[in-house]
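Let me begin by presenting the structure, written as structure tokens, before commenting on it.
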Amino acid sequence: MKSRFIAQWINDYLAERRVRANSLIITIYGDFIAPHGGTVWLGSFIRLVEPLGLNERMVRTSVYRLSQDKWLVSEQIGRNSYYSLTASGRRRFEHAYRRIYDARQLPWNGEWQIVILPSTLAAPQRDALRKELSWAGYGTIAPGVLAHPSADTETLLEILQETGTHDKVVPMTANNLGALSNRPLQDLARECWNLEAIGATYREFADRLRPVLRALRTARDLDPEQCFLVQTLTMHDFRRALLHDPLLPDQLMPVDWSGSVAREVCRDIYRITYRLAQQHLMATCRTPNGPLPPAAPYFYERFGGLEDTTHREAAEQR
Numbered sequence: 001m002k003s004r005f006i007a008q009w010i011n012d013y014l015a016e017r018r019v020r021a022n023s024l025i026i027t028i029y030g031d032f033i034a035p036h037g038g039t040v041w042l043g044s045f046i047r048l049v050e051p052l053g054l055n056e057r058m059v060r061t062s063v064y065r066l067s068q069d070k071w072l073v074s075e076q077i078g079r080n081s082y083y084s085l086t087a088s089g090r091r092r093f094e095h096a097y098r099r100i101y102d103a104r105q106l107p108w109n110g111e112w113q114i115v116i117l118p119s120t121l122a123a124p125q126r127d128a129l130r131k132e133l134s135w136a137g138y139g140t141i142a143p144g145v146l147a148h149p150s151a152d153t154e155t156l157l158e159i160l161q162e163t164g165t166h167d168k169v170v171p172m173t174a175n176n177l178g179a180l181s182n183r184p185l186q187d188l189a190r191e192c193w194n195l196e197a198i199g200a201t202y203r204e205f206a207d208r209l210r211p212v213l214r215a216l217r218t219a220r221d222l223d224p225e226q227c228f229l230v231q232t233l234t235m236h237d238f239r240r241a242l243l244h245d246p247l248l249p250d251q252l253m254p255v256d257w258s259g260s261v262a263r264e265v266c267r268d269i270y271r272i273t274y275r276l277a278q279q280h281l282m283a284t285c286r287t288p289n290g291p292l293p294p295a296a297p298y299f300y301e302r303f304g305g306l307e308d309t310t311h312r313e314a315a316e317q318r
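Residue numbers for the sequence shown follow the UniProt record's numbering, beginning at 1 and rising by one.
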């Protein structure tokens with residue numbers, strides 16, 4: 001049975017907040033389609049997103065634009081069009097996956113990743129690299145110098161390779177000298193990243209999502225389609241908030257960081273809704289070979305671990 005409160009919450013969300021079709025489709029591909037192989041029949045995808053206010057014309061226009069931007073690639077089989085993630089689209093989702101679902105903070109040892117952009121770097125490549133590094137949480141600490149307090153060399157090298165700048169910029173690592181002192185580090189963080197604005201966005205997110213979390217916790221039964229819609233809007237909202245969060249070490253962050261509370265709200269909603277949301281997804285979407293394949297094992301690692309009910313039920317039947 002559908003919840004009247006949740007239905008009203010969804011309607012209010014879509015009416016009050018401007019949801020861009022391209023961005024929402026990216027959220028759905030990353031959160032739902034990617035773990036199931038990344039390919040879906042466009043007709044079934046249109047049915048899936050229609051309750052989110054996206055009509056057929058909007059979806060067709062958006063997937064075309066996403067194809068032009070190298071997020072998706074299309075394949076025509078008979079009269080049906082199938083859209084899949086490109087290699088670069090998968091890489092972007094993998095970066096987003098690590099930031100959204102696996103944000104465990106390891107003790108920081110004072111190491112920084114630094115990228116120096118020479119003045120000879122062409123403007124298009126400079127802009128593309130800045131955008132990719134910004135998505136990965138890098139901040140500008142001086143003109144032409146971007147940095148992040150992390151030892152994640154692998155992500156940096158992937159970004160440089162993807163943007164074709166691996167042999168055009170100067171990547172390096174650096175370390176703090178002596179004991180880490182929180183005060184100057186926090187001052188630097190405030191100068192390089194707009195933490196006040198990011199914190200305010202997180203507080204707004206938590207305030208907006210708490211009512212629906214309470215409704216989910218107290219409901220006797222949940223509707224699969226409503227679970228899909230709530231999970232989609234939750235992850236879309238959280239992804240937009242997280243997009244500007246550099247995910248800095250604790251030493252650089254203010255006390256009582258609102259991002260931690262927002263992540264807990266997002267995690268709790270996800271854990272309540274994902275089973276029935278997956279049920280609705282599998283019942284709605286199709287691939288060239290029929291239904292979507294089961295979710296990849298990494299899906300069940302999200303937010304510290306989800307119960308793999310599909311594999312458990314299969315094991316019980318055996």
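For each residue, glycine too, the CB sits at the ideal point set by N, CA and C.
Just so you know, these numbers come straight off a predicted model, no measurement behind them.
Per-residue DSSP class, three states only, for residue i
i, result
"Asn289", "coil"
"His280", "helix"
"Glu16", "helix"
"Thr273", "helix"
"Trp112", "strand"
"Leu146", "strand"
"Asn55", "coil"
"Asn176", "coil"
"Val255", "coil"
"Asn194", "coil"
"Thr140", "strand"
"residue 341", "Since the first and last residues shown for the chain are 1 and 318, residue 341 lies out of range."
"Thr39", "strand"
"residue 319", "With the chain running from 1 to 318 in the structure shown, residue 319 is simply not present."
"Leu66", "helix"
"Ser119", "coil"
"Glu307", "coil"
"Leu185", "helix"
"Leu85", "strand"
"Leu72", "strand"
Integer-rounded CB distance, given that residue j should sit under 8 angstroms from residue i
i, j, result
"Arg286", "Trp41", "4 angstroms"
"Leu133", "Val145", "Wrong, their Cβ atoms sit about 11 angstroms apart, outside the cutoff."
"Ala136", "Thr155", "6 angstroms"
"Tyr82", "Thr39", "6 angstroms"
"Leu248", "Ala200", "Going by Cβ atoms, the distance from Leu248 to Ala200 rounds to 17 angstroms, so no, they are not a contact pair."
"Ser3", "Gln226", "6 angstroms"
"Arg275", "Tyr101", "So it is not a contact: roughly 16 angstroms between Cβ atoms."
Residue i versus residue j: straight-line alpha-carbon distance, rounded
i, j, result
"His311", "Leu14", "Residue placement at His311 is flagged as unreliable, the pLDDT there being 43, under the threshold of 50; the coordinate-derived value follows with that caveat. Straight-line Cα distance between these residues: approximately 35 angstroms."
"Arg65", "Asn22", "8 angstroms"
"Leu52", "Arg60", "15 angstroms"
"Arg263", "Pro118", "37 angstroms"
"Pro107", "Ala147", "18 angstroms"
"Leu185", "Leu252", "5 angstroms"
"Leu24", "Arg239", "10 angstroms"
"Glu75", "His280", "24 angstroms"
"Glu56", "Ala206", "32 angstroms"
"Gln231", "Thr120", "45 angstroms"
"Pro288", "Gly43", "12 angstroms"
"Arg20", "Gly304", "30 angstroms"
"Phe32", "Phe228", "9 angstroms"
"Ala34", "Leu48", "15 angstroms"
"Leu72", "Tyr270", "26 angstroms"
"Glu111", "Pro254", "20 angstroms"
"Asn11", "Ala215", "15 angstroms"
"Tyr29", "Glu307", "21 angstroms"
"Phe93", "Ile198", "21 angstroms"
"Arg183", "Ala123", "36 angstroms"
"Asp69", "Thr218", "42 angstroms"
"Leu243", "Asp152", "18 angstroms"
"Phe299", "Val170", "35 angstroms"
Buried or exposed (CB count within 10 angstroms, at least 16 for buried), residue i
i, result
"Pro149", "buried"
"Gly78", "exposed"
"Asp245", "buried"
"Thr1", "Strictly speaking, residue 1 in this sequence is Met, with Thr absent from that position. Classification of Met1: exposed, given that the 10 Å Cβ count is below 16."
"Val63", "buried"
"Leu157", "exposed"
"Asp256", "exposed"
"Asp167", "exposed"
"Ala277", "buried"
"Leu213", "buried"
"Ser88", "exposed"
"Ala241", "buried"
"Val265", "buried"
"Pro224", "buried"
"Thr273", "buried"
Check: residue i C-beta below 7 angstroms from any heavy atom of the ligand FAD
i, result
"Pro124", "Summarising the ligand content, the structure contains no ligands, and the ligand FAD is consequently not present."
Meets three-Cβ-pair contact criterion under 8 angstroms: the segment 286-303 and the segment 219-238: no
Meets three-Cβ-pair contact criterion under 8 angstroms: the segment 168-176 and the segment 188-198: no
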